[in-house]
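Written out below as C-alpha cells is the structure these notes cover.
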Amino acid sequence: MIIATAGHVDHGKTKLLHALTGINADRLPEEQQRGLTIDLGYAFMAYHSTKSNQHQTLGFIDVPGHEKFLSNMLAGVGTAHHAMLIVAGDEGMMPQSYEHLTILRLLAMDSLTVAITKSDLTTFEQQQQLEAKLSQLLVQYGFTQATIFHCSAVTNEGIDALKQHLIELADNEQQHDNTLNFKLAIDRAFHVKGSGLVVTGTALNGQINIGDSLCLVSHSNLKKGHSQAHVVRVKSIHAQGKSAEFATANQRVALNISGDIDKAQLKRGDWLLHTAPTEIITRVTVKLNANQPIKHWQNIQVFHAATHTTGRIALLEDNQLTSGDSALAEITLDTPLCLTEQDRLLLRDPAQKTNLGSAIVIDLLPPNRGKRKPQRLEYLNQRAGLNTLSDIIEFKLQHAPQSHQQLIEQHQCQADVISQLLVTNTAINQYGDYLCYNNYQQALQQHIITTLKQYHQQAQDNLGVGKDRLYRMTALNQPQIIFNAIITQLLNQQLLANTRGWLHLAEHKLQLTATEQQWWQQIEQLMISDPQPWWVRDLAAEIGEDENDIRKLNYKLAQLSYVAAIVKDRYVTHQYLVQMATEVRQHTAQHQKLETAEFRNISQLGRKVAIQLLEYFDKIGFTKRKFNYRELKDQDLLQQE
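In terms of our numbering, the sequence shown opens at residue 936 and continues consecutively.
Structure below.
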C-alpha cells in the first residue's frame, strides 16, 4: 500500500514520516540544507500484519508543500489511492492546505487520514478547536470517513496510534484487480554501478516478475509521432524498499532494466507497460466534474499520474459549466499522453493557477464528426455510468465491433478477460482480430440485402457490384474482415450470387427471348470483330433493328454481364473488359500506376473513349484515381474465367 502526504509547507510532513519510519525522505542535499522538501521523497514502514500473519511494508510518498513545487506534489499524489493530510496544530489550515485538500478530493482518494502535528506546541483546547473545525471542513469537501489524529514528531505523542491506524488501513485495503496488466508510472531514473539502469515509480496495476519483458513508452517519442515502444527486460526488482521476486499494484517499485535505452531518454511521467499502445492519443472524451466555472475551449493544464501537459477543453453539452456541474467534454492535448480508459485527470487553469476540476477518460478515440449528435451524447452518458471492465467491454460491443488488440491496449487488461467473455457470452462472435454481437451481424446482413435491392432497381443495366464497391456502399468504416465473412455467409445461404465477380441478389436473374438471343448473336459478332465501345444507335443501325429495342436488349445483356455500359448507351463486351483489365493488371504490376496516355497506348482508343473506360473502372472499384494517374484497387474484379 502507498500513502501520499499533503499539506502546507513547514507543517511537518517530512518530520512526521521520519517519526513513523525512521527514514528522512528529503534525499537531496539542497533539501537537507534548506529543510524544505523540493522533490518527491519516499519512506517505508515495516509491520506485522495480523490479517495475513506476515511481515508487510507500508510505503509513503512525501510531497513538497510549497506552491512553487505543486507539479511535483501532483506527480506524487497522482499515482496514490490513499493520502495523509498534515496540518500544523499551531497554524491550522493554510493556503496550500486548502489547495492540497481540493486536489485530494478531485483525485477521489480511497481514504484520507488527517494528522494534526506539533501537538507539543499547542494546548488541549487549541487541539480540540482545530479538530472541530477540520471535521466540519472535511465534510464540506466530501470526506465523511476521514480520521483525525493529534501527534508530535518531537515528543512522539500520538505516533503509535497513527501508526496502528495506518497498519489497519493497509490490512483492509482491497486486493488489486488481477485482470489488469502491469502498469508503472516512472518518476525517477538513475544508474547503479555494476547493475545498470534503474527506474522507480508506483505500480498502478498488475504484477511483474524478474525476467519479464515490458514496453517502455516515452512521452518524448510520442511527441515526435513515434508510437513504437522500446522493449526492456526486468533484471531485478525492489518492491516497497526491499529486494523481491515480483511486484504488484499499489507498491513503490524499483526495476533494474536492460535494453536499448539510456537514462537520458527517460523523463518523469514515462510508462512501463505490458502492452504498448499503437495509437498516439491527442484527443479524448471525458466525463468532467467542475470545481470552478469552465468555459468552452478554455486553456487548461492536464495532470495525469506523474506527468502533465497543456491543452483545450471543448464542452459537448453546454458552453459553460459552473462549480459542481458534471458534463461530457472533449480534451485536445498539446502533446500526447499515454492514457487508459477510466484514467482520472486533474485539470488546472494555467493562468489563474487554480483547480478547475477532474475528469474520467471514457473514449480514447473520439470521432472527428458528429460528436454532439444526440445519439453520440446518449452513448457517452451511458458509457460514463459504467465502472467495471466487463461491463464497459460488453457495452462497447453492443454498439459496434471492437478490435481484440485495441481493447487490450485501451484498458491495459489481460487477454484472458476477453477470452472468458467469449466463453460466457455466446452472442459474441470473433472474426480475426474483431469481436461483434450477433445482432450487429444480422443488421449488416439485412443492410447488404436492402442495398442490393435498391441498386438493382436503380441500375438496371448492371448485373451487380464488385465486393470492394459493395463494402463502400454498405459497411464503410466497419471492419472489412467482418464484411467479408458476412458476404461468404450470404453466398453459402444462397441469398447472394457471384457472377463473374459481380455480387447480386440470387433471385436477380434474366433470360433472353428467342428474338433477343438472335439479336445478341449478331451484336456479339460485331463487337468481337471490332473490339471497342459501341453506341446503341450504331449497333441498331448495323443489324437493322429499332434503336429502342436494342437499348432495352442491352439493359438485359448488362444485367446478364454479357456487356457493360461504360457510359449511358455505350457498351463493351465482358470479354473486352477482362482483356483491358488484364492489360491494366500487368502494367501496374510493373509500374505501380497507370497514366491516361499509357492506357491509350494499351487500348489503342481515342482520348475521350479511353477516359470513359478508365472512369468506368474507377466506378466499379477496379481502379482508383490519384491526381493524374490510377492505381489498382480490387484486382479480383474482371478476372479471366
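All C-beta atoms, glycine included, are put in the ideal place defined by N, C-alpha and C.
Just so it is clear, the structure is predicted and the values come from calculations on it, not from any experiment.
A direct Cα-Cα distance of roughly 21 Å separates residue 1020 from residue 1058. Contact between residue 1369 and residue 1339 holds: their C-beta atoms lie close to 7 Å from each other, under 8 Å.
Assigned with DSSP and collapsed to three states, residue 1175 falls in coil, not helix or strand. Residue 1575 sits exposed, since fewer than 16 C-beta atoms from the chains shown fall within 10 Å of its C-beta. For residue 1196, no beta strand (DSSP E) encloses it, and the DSSP letter there is neither H nor E.
For residue 1369, the enclosing beta strand (DSSP E) starts and ends at 1369-1372. Relative to the Cα of residue 943, the nearest Cα in the group 1099, 1212, 1570, 1031 belongs to 1031. In this structure, residue 1047 and residue 1023 do not form a Cβ contact; the two beta carbons are roughly 17 Å apart against a cut-off of 8 Å.
By the C-beta density criterion, residue 1276 is buried, having at least 16 other C-beta atoms within 10 angstroms. According to DSSP, residue pairing for residue 1126 in a beta bridge involves 1132. Rounded to whole angstroms, residue 1343 and residue 1298 show a C-alpha spacing of 14 Å. Nearest to residue 1334 by alpha-carbon distance, out of 1221, 1372, 1377, 1321, is 1372.
Excluding five sequence positions before and after residue 1523, the CB atoms of its chain that fall closer than 6 Å to its own CB belong to 1529, 1567, given in chain order. Looking at the DSSP output, residue 1437 bridges to 1434. Look at residue 1536 here: in three-state DSSP terms it is helix.
With fewer than three CB-CB distances shorter than 8 Å, the segment 1456-1468 does not count as touching the segment 1427-1442. Close CB contacts of residue 1495 within its chain, under the 6 Å cut and outside five residues either way in sequence, are with 1445 (chain order).
Collapsing the DSSP output to three states places residue 1326 in a helix. Per DSSP, reduced to three states, the secondary structure at residue 1269 is coil, with no helix or strand assignment.
Apart from sequence neighbours up to five positions away, the residues of its chain that approach residue 1213 with a beta-carbon distance below 7 Å are 1162, 1344, ordered along the chain.
Beta-bridge annotation (DSSP): residue 1017 is paired with 938, 1046. Taking C-beta atoms as the reference points, residue 1256 and residue 1228 count as a pair closer than 8 Å. CA-to-CA, the gap between residue 1158 and residue 1126 works out to about 25 Å. Annotation for residue 1513: the continuous alpha helix (DSSP H) segment containing it runs 1509-1526. Straight-line measurement puts the Cα of residue 1215 at about 7 Å from the Cα of residue 1160.
Contact fails between the segment 1475-1482 and the segment 1529-1538, because fewer than three Cβ pairs, one in each stretch, are under 8 Å apart.
Residues of the same chain with a CB within less than 6 Å of the CB of residue 1233, apart from the 5 flanking positions on each side, are 1248 in chain order. The C-alpha of residue 1384 lies about 28 Å from the C-alpha of residue 1329.
Nearest to residue 936 by C-alpha distance, out of 1140, 1050, 1379, is 1140.
For the 8 Å CB-CB criterion, residue 1142 and residue 994 do not form a contact.
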